[in-house]
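Q: Going by this note's numbering, the letters in the sequence shown line up with residues 73 to 232, in that order.
Virtual Cβ for every residue (Gly too), placed ideally from N, Cα, C.
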Amino acid sequence: MARTIDDLGLESSSRYAEDQELFDQTLIQEARIIPSQTKITSTLPTYPSEFDALFELEKQGTVWARFLAPPNYYASRRRLFSEQIIPTLGPPDLQETKMGRIEAIGAEEKGKRREEGAPPNVEEELETEKQTLMHLLQNIHLMDELLIDINSRRVQYQKG
73 MARTIDDLGL
83 ESSSRYAEDQ
93 ELFDQTLIQE
103 ARIIPSQTKI
113 TSTLPTYPSE
123 FDALFELEKQ
133 GTVWARFLAP
143 PNYYASRRRL
153 FSEQIIPTLG
163 PPDLQETKMG
173 RIEAIGAEEK
183 GKRREEGAPP
193 NVEEELETEK
203 QTLMHLLQNI
213 HLMDELLIDI
223 NSRRVQYQKG
């Protein structure tokens, strides 16, 4: 038999009244502000200290070169919640293209080395470098997928 709210008894009502007295309403009201605070992408302190002023730390990020910064340099710098571990590698489709290109270059290099009559250890070294790069890109791809899952769970938790 299912219990309804009128079957709970007097002790449940008194317990609810006591809990409401202890309950702080400001916690609920301030909890709505938390998701907007985590969206701030700045990781720099807002109040400069005397140490920063003395050593001019704000000028460390200043580019003093006579050429322009790389494309998307300022857009992907120090993101708090990024979708990728290394954003400069591009989207996952581009990463897969790069992995295919590494495979193709490895096969071409093997053919060139055989034609030149290179010793076998050079071919083995080339193969280990190719495998290392492939494992690195596969691990980065896996970590990007995990990071996307983590960020989606974080957003899901914030929404409630």
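1) Using a Cβ-Cβ cutoff of less than 6 Å, which residues in the same chain neighbour E83 once the five nearest sequence positions on both sides are dropped?
2) In angstroms, rounded to a whole number, what distance separates the CA positions of I158 and H213?
3) Please report the residue range of the alpha helix (DSSP H) in which I100 lies.
4) Using the C-alpha atoms, what's the distance from P191 back to E17?
5) With respect to the alpha helix (DSSP H) encompassing S85, which residues constitute its N-terminal and C-terminal limits?
6) From this set, Q156, E155 and L161, which residue's C-alpha is nearest P143's C-alpha?
7) In the DSSP assignment, the alpha helix (DSSP H) including R173 goes from what residue to what residue?
8) Are D216 and P164 close, meaning C-beta to C-beta below 8 Å?
9) Confirm, please, whether the CB-CB distance from L219 to Q156 is below 8 Å.
10) Quick test of the definition: if touching needs 3 or more C-beta pairs under 8 Å, does the segment 183–199 touch the segment 166–175?
11) With H, G and I counted as helix, E and B as strand and the rest as coil, what does DSSP make of R225?
12) Rounded to the nearest angstrom, what separates T204 and S224 at their Cα positions?
A: Judging by the given coordinates:
1) Cβ neighbours of E83 beyond the five flanking positions: none.
2) Taking the straight line from one Cα to the other gives about 10 Å.
3) Q97 to A103
4) Since the first residue of the chain shown is 73 and the last is 232, residue 17 is not available in this structure.
5) L82 to L94
6) L161
7) P164 to E188
8) Result yes, Cβ atoms of D216 and P164 sit closer than 8 Å.
9) In contact: Q156 and L219 (Cβ atoms closer than 8 Å).
10) Verdict: no, contact absent.
11) helix
12) Note on geometry: alpha-carbon atoms of T204 and S224 lie some 30 Å from one another.
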